[in-house]
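These notes are about the structure you will find just below.
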Amino acid sequence: MIDLRRLRDDPAYRAGIERKRVADGLIDDVLAADDARRVLVAEVEALRARQNAASKEIGRSTPEERPAKIAAASELKDELAAREPDLAAAEARARELALHLPNPADGSVPDGGEDDAEVLRTVGDEVAAPPLDHAAFGEAMGWVDSEHGAATSGSRFAYLQREAVMLEFALVQWVLGRLVAEGFVPVVPPVLVREQVMEEAGFFPTDRHQVYELPDDGLCLVGTAEVPLSALHRGEILAADSLPRRYVGFSSCFRREAGTYGKDTRGIFRVHQFDKVEMFSFAEPDTSWDELERLLAWEESIVADLGLPYRVISCAAGDLGPAAAKKYDIEVWLPSEGRYRELTSCSNYLDFSARRLETRVRGGSGTRLVHTLNGTACAVGRTLVFLAEHHQDADGSFTVPEVLRPFLGFDRVDPPA
RNA sequence: GGAGGGAUGCCGGAGCGGACGAACGGGGCGGUCUUGAAAACCGCUGGGACGCGAGUCCCCGUGGGUUCGAAUCCCACUCCCUCCGCCA
């Protein structure tokens, strides 16, 4: 949820929203709805004040005076009751419209869409493609069974098998261990959450089409651990000296991938269900930009230690999604496609989701909304995709990245005979 | 799944439908006293909306309802506890 007062008063704030390409007139509609709301708030509250005063007087009156005063208060009550539905309607409308406005893009974010990201740095070499692409390799190794996955659950589902499973848990162990050592609290969160949490975390209504819902129970399958992690301190006021609070969540993630027909259909690059280790920070408003850089640094070190060549981009305004004010993607070179593809990302939401979740900080200059940030520590499936190409040897075997070896009983995997 | 009990401020814990945003205790903050500290004593100590402001309004798990008036009565929901049943 955006800050309506700032939208009214701060032209830069409004400009940040406009850079995200919102529907024509939506901003003005929101402002108009909010103005209408405020007019009614003033009117209804004045009526309520009169009614409250009248009622209080009854309590102080003698029994003889009461009937007349009750009659008078009754009239005020009816007058109030006649206006209240208008206020409720105005509030609902203002909120409904405002929910569709995205968090403004930060000033440092480039203009444009998907193709306008700014490349910040490139690390490692753009190596040539190995004999097999990730999908063919996964099949050859007996790691990925998409055929039976599709038979059981439909397209974009797969059975992950054999060493790939061991690699998954090695990755998770390694990444969790590293981040716990940095002070992150490890969490296995619920993956089914209430619809309300989806809205408060900033995903509904804008991204609703990407989410699996279980209407009988009023629950949704999360697309990332970010959702339950952001709701962890819902309605709480955190002590300033307890920040930043950093959590690292492991969860399965479920995404409908609507609108991606025919895109990335090979292998497990893009599937409906995958596991992910996700970082999440609650930070003080004054230092959240530093926190974003820290998340990025952790992500880079993880990708680099896996031996993957990558580049860091700052996403353009139109590609940020509704909640992020700024987002870095780490894109890894995918040899079989001859281009960089997204592996991880991190974003600063500022107070956008904290406003709906009502998570605040107390201390210093009073009580303020916290800032929330999130970043991918390890998207397992996609990491396996890149490992399959970068650690595939000429003879069709697989070399285990150095950092994962302590968690596995083997250093390399030969192709099945 | 069945039967009961509960949810109040930072914490504990009161609260006959009318002066309750809320007694009392603890904690915290400030002050007096003291060479310093402790003790004692005094004061302060929730969040949010609207407004330039004075101020007004809302919040006692959540959402409705009854009433001139609800922390207090009614309904639904959520969560917690106890007992019974079932279960990986």
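In terms of the numbering used here, the first sequence opens at residue 5 and continues consecutively. Every residue, glycine too, gets a C-beta built ideally from N, C-alpha and C. Everything numeric in this text was worked out from a predicted model, so none of it was measured.
Whole angstroms are fine: how far does the CA of residue j sit from the CA of residue i?
{"i": "G322", "j": "V197", "result": "28 Å"}
{"i": "L377", "j": "G325", "result": "14 Å"}
{"i": "E341", "j": "R270", "result": "12 Å"}
{"i": "E190", "j": "D355", "result": "Per the sequence shown, the amino acid found at residue 190 is Pro instead of Glu. Between P190 and D355, the C-alpha separation is close to 23 Å."}
{"i": "A174", "j": "M145", "result": "18 Å"}
{"i": "A93", "j": "A86", "result": "13 Å"}
{"i": "E88", "j": "E362", "result": "25 Å"}
{"i": "V404", "j": "E393", "result": "12 Å"}
{"i": "S476", "j": "L408", "result": "One cannot answer for residue 476 here, as it falls past the ends of the chain, which runs 5 to 421."}
{"i": "C350", "j": "V275", "result": "20 Å"}
{"i": "L391", "j": "P106", "result": "35 Å"}
{"i": "Q200", "j": "Q396", "result": "45 Å"}
{"i": "I6", "j": "A421", "result": "58 Å"}
{"i": "E186", "j": "A398", "result": "37 Å"}
{"i": "L373", "j": "S357", "result": "9 Å"}
{"i": "W302", "j": "R52", "result": "54 Å"}
{"i": "R353", "j": "A320", "result": "Note that residue 353 is Tyr in the sequence shown, not Arg. Distance between the alpha carbons of Y353 and A320: 15 Å."}
{"i": "L2", "j": "E304", "result": "In the structure as shown, the chain starts at 5 and stops at 421, and residue 2 therefore has no counterpart that could be examined."}
{"i": "Y265", "j": "G158", "result": "13 Å"}
{"i": "L300", "j": "I317", "result": "11 Å"}
{"i": "A139", "j": "A329", "result": "35 Å"}
{"i": "S151", "j": "F207", "result": "Note on identity: in this sequence residue 151 is Glu, with Ser being the wrong assignment. Answer to the nearest angstrom: the Cα atoms are 32 Å apart."}
{"i": "A327", "j": "V307", "result": "25 Å"}
{"i": "E49", "j": "D28", "result": "33 Å"}
{"i": "L35", "j": "R12", "result": "7 Å"}
{"i": "F188", "j": "R250", "result": "5 Å"}
Report the three-state DSSP secondary structure of residue i (helix, strand or coil).
{"i": "W147", "result": "coil"}
{"i": "H104", "result": "coil"}
{"i": "L223", "result": "strand"}
{"i": "L218", "result": "strand"}
{"i": "L35", "result": "helix"}
{"i": "V307", "result": "helix"}
{"i": "M202", "result": "helix"}
{"i": "T387", "result": "helix"}
{"i": "F411", "result": "helix"}
{"i": "K331", "result": "strand"}
{"i": "P190", "result": "strand"}
{"i": "T291", "result": "helix"}
{"i": "I62", "result": "helix"}
{"i": "G29", "result": "coil"}
{"i": "S78", "result": "helix"}
For residue i, which residues in the same chain have their Cβ closer than 6 Å to its Cβ, ignoring the five residues on either side in sequence?
{"i": "W337", "result": "E130, P313 and Y344"}
{"i": "T126", "result": "R315"}
{"i": "A229", "result": "P193, G253, S255 and E282"}
{"i": "G379", "result": "M283, L299, E303 and C350"}
Can you find the residues in the same chain that come closer than 8 Å, C-beta to C-beta, to residue i, ignoring five residues on each side of it along the sequence?
{"i": "E203", "result": "L103, P209 and R360"}
{"i": "R54", "result": "L80"}
{"i": "L184", "result": "Per the sequence presented here, residue 184 reads as Val, with Leu not at that position. So the list reads P190 and V252, once near-sequence residues are dropped."}
{"i": "L218", "result": "L196, C224 and L225"}
{"i": "P248", "result": "S285, F286, A287, E288, T291 and E295"}
{"i": "L124", "result": "R315, V316, I317, S318 and Y332"}
Sorted by chain position, which residues of the same chain lie with C-beta nearer than 7 Å to residue i's C-beta, five sequence neighbours on each side aside?
{"i": "D38", "result": "L8 and A98"}
{"i": "R10", "result": "Y17"}
{"i": "A149", "result": "The sequence given here has Asp at residue 149, not Ala. A162, Y163 and Q165."}
{"i": "G227", "result": "Q214, V215, C257, F258 and R259"}
{"i": "P134", "result": "P339, E393 and Q396"}
Q) Counting pairs of Cβ atoms below 8 Å between the stretch 66-76 and the stretch 284-295, do you hit three or more? A) no
Q) Counting Cβ pairs closer than 8 Å, one from the stretch 54-64 and one from the stretch 107-126, do we hit at least three? A) no
Q. Between the stretch 230-245 and the stretch 349-368, do three or more beta carbon pairs fall short of 8 Å?
A. yes
Q. Counting pairs of Cβ atoms below 8 Å between the stretch 383-402 and the stretch 165-179, do you hit three or more?
A. yes
Q. Is the stretch 276-288 touching the stretch 246-259 in the sense that three or more CB pairs, one from each, lie closer than 8 Å?
A. yes
Q. Is the stretch 152-172 touching the stretch 397-413, taking contact as three or more C-beta pairs under 8 Å?
A. yes
Q: Scan the stretch 340-377 and note each continuous alpha helix (DSSP H) run of 4 residues or more that stays entirely inside, going in chain order.
A: 356-361
Q: List in chain order: all unbroken beta strand (DSSP E) runs of 3+ residues lying wholly within the stretch 105-182.
A: 122-127
Q: Please specify which runs of the beta strand (DSSP E), each continuous and at least 3 residues long, are wholly inside the stretch 226-280, giving them in chain order.
A: 241-243 and 249-258
(Q) Contact between the stretch 11-22 and the stretch 41-48 is defined here as three or more beta-carbon pairs at a separation below 8 Å; is this criterion met? (A) no
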